[in-house]
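Working notes, structure below.
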Amino acid sequence: MIRDYNITWRKAIQRPMEAITVLSFFRANVVRRKLLTTHNISDNG
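Using numbering that gives the first Met the number 0, the first residue of the sequence shown is number 0, and each one after it goes up by one.
Quick look at the structure:
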């Protein structure tokens, strides 16, 4: 697991633009999930 992560991290360093894109996409998904959860809770209210 850790070895795979290190390999992925090295590839990300070799391709910084791709890593930035993946990180921003992942962050957007997390934010969207939080917004949806908050919205659902307020709807069920």
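Built from N, CA and C at the ideal position, the CB exists for glycine as well.
Here the C-alpha atom of Thr20 lies approximately 22 Å from the C-alpha atom of Leu35.
In the three-state DSSP reduction, Arg32 falls in the helix class (H, G or I). Unbroken beta strand (DSSP E) runs of no fewer than 3 residues, entirely contained in the stretch 3-28, are not found.
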